Amino acid sequence: MRILVTGGAGFIGSHLVEKLLAEGHEAAILDDFNDFYDPQIKRSNIAGLQKNAPVFQIDLRDNNAVRALFHREKFDAIAHLAARAGVRPSIAQPLLYYDTNVNGSLHLLEAARIVGIERFIFASSSSVYGICKKVPFSEDFHLTQTISPYAATKIAGEFLCSTFSHLYQMQVVALPSSQFTDHGSGPI
Ligand SMILES: NC(=O)c1ccc[n+]([C@@H]2O[C@H](COP(=O)([O-])OP(=O)(O)OC[C@H]3O[C@@H](n4cnc5c(N)ncnc54)[C@H](O)[C@@H]3O)[C@@H](O)[C@H]2O)c1
């Protein structure tokens with residue numbers, strides 16, 4: 011299976027690419043290498059992976075670039091990890107977080123739909139549970155106590171995922187908050 015890992019040069023993404031390759035999958039990396047933290051760290055995260063996993067330096071906010079990639083390259087599944095992460099910085103830059111995490115995710119889902127990719131994994135965040143005092147968190151909780159733009163963008167991403175799962179032949183899993191699986195079934 012050929013899997014596109016967005017945010018593949020980041021902390022979790024680069025480990026995921028390593029694991030996928032070790033398990034015999036083909037992997038490709040999409041990342042914009044932005045300067046949220048030192049881009050050199052991202053370059054070194056994937057230094058040992060690049061010979062086996064092509065790297066596409068693309069900003070997910072650029073819808074045309076995302077679509078062009080999906081028309082050019084074939085992927086069987088997407089692990090969507092690219093995001094502006096972090097609660098505090100999202101309070102300072104809510105528009106940037108919205109653009110990246112909501113619009114960027116939608117660009118990706120729509121490109122996947124157009125070329126018929128049926129498997130999509132979305133990296134959500136436990137921050138969606140906000141100030142909820144009940145622990146451990148449960149996927150059944152109603153997400154009404156969110157307190158940061160970051161968390162709000164992750165909830166939006168989850169709902170976009172569940173919508174695409176419902177409307178199209180797309181199996182979607184959102185981690186770690188909710189799971190959506192099999193088109194038509196909606197949130198479970
Ligand atoms: N690390 C955690 O503890 C944690 C916890 C919960 C959720 N998450 C989520 O997991 C995912 C990965 O987290 P991480 O810790 O590896 O973060 P990270 O910042 O190391 O990785 C994110 C990657 O996404 C890339 N990226 C950001 N905006 C982009 C854009 N517009 N276009 C293309 N690439 C872009 C960045 O350059 C970076 O390499 C994120 O979605 C994050 O919200 C992480």
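When you line the sequence shown up against our numbering, it's residues 11 to 198, in that order.
Just so you know, even glycine gets a beta-carbon here, dropped at the ideal spot from N, CA and C.
Predicted, not measured: the structure shown is a model, and the values here were computed from it.
Does DSSP classify His25 as helix, strand or coil?
helix
Measure the CB-CB distance between Val97 and Ala166 and report whether it falls below 8 Å.
no
For Ala37 and Thr16, the rounded distance between their alpha carbons:
10 Å
Take every Cβ of the stretch 71–83, pair it with every Cβ of the stretch 116–128, and state whether three or more of those distances are shorter than 8 Å.
yes
Within 10 angstroms of the Cβ of Val76, are there 16 or more other Cβ atoms? Answer buried if so, exposed if not.
buried
Beta-ladder partner(s) of Phe130, from DSSP
Ile88, Val182
Which residue's Cα is closest to the Cα of Ser148: Tyr139, Ala133, Tyr160?
Tyr139
For Val27, count neighbouring Cβ atoms within 10 angstroms of its own Cβ and tell me buried if that reaches 16, exposed if not.
buried
How many whole angstroms separate the CB atoms of Ala133 and His81, which I take to be in contact at a CB cut-off of 8 Å?
Going by Cβ atoms, the distance from Ala133 to His81 rounds to 25 Å, so no, they are not a contact pair.
Using 8 Å as the threshold, is the C-beta distance between Lys29 and Asp41 below it?
no
May I ask which residues mark the beginning and end of the alpha helix (DSSP H) holding Val112?
First-last for Val112: undefined, no H or E at that position.
Pick helix, strand or coil for Arg12, following the three-state DSSP scheme.
strand
With a threshold of 7 Å (Cβ to nearest heavy atom), would Asn44 be considered close to ligand 1?
yes
Considering only the alpha carbon of each residue, which of Arg123, Gln67, Val183 lies closest to Phe43?
Gln67
State the start and end residues of the unbroken alpha helix (DSSP H) segment that holds Ala102.
97–102
With a threshold of 7 Å (Cβ to nearest heavy atom), would Ser135 be considered close to ligand 1?
yes
Under the three-state DSSP convention, the category Ile198 falls into
Caution applies to Ile198, whose pLDDT of 26 falls short of 50 and renders its modelled position unreliable; the model cannot decide the point.
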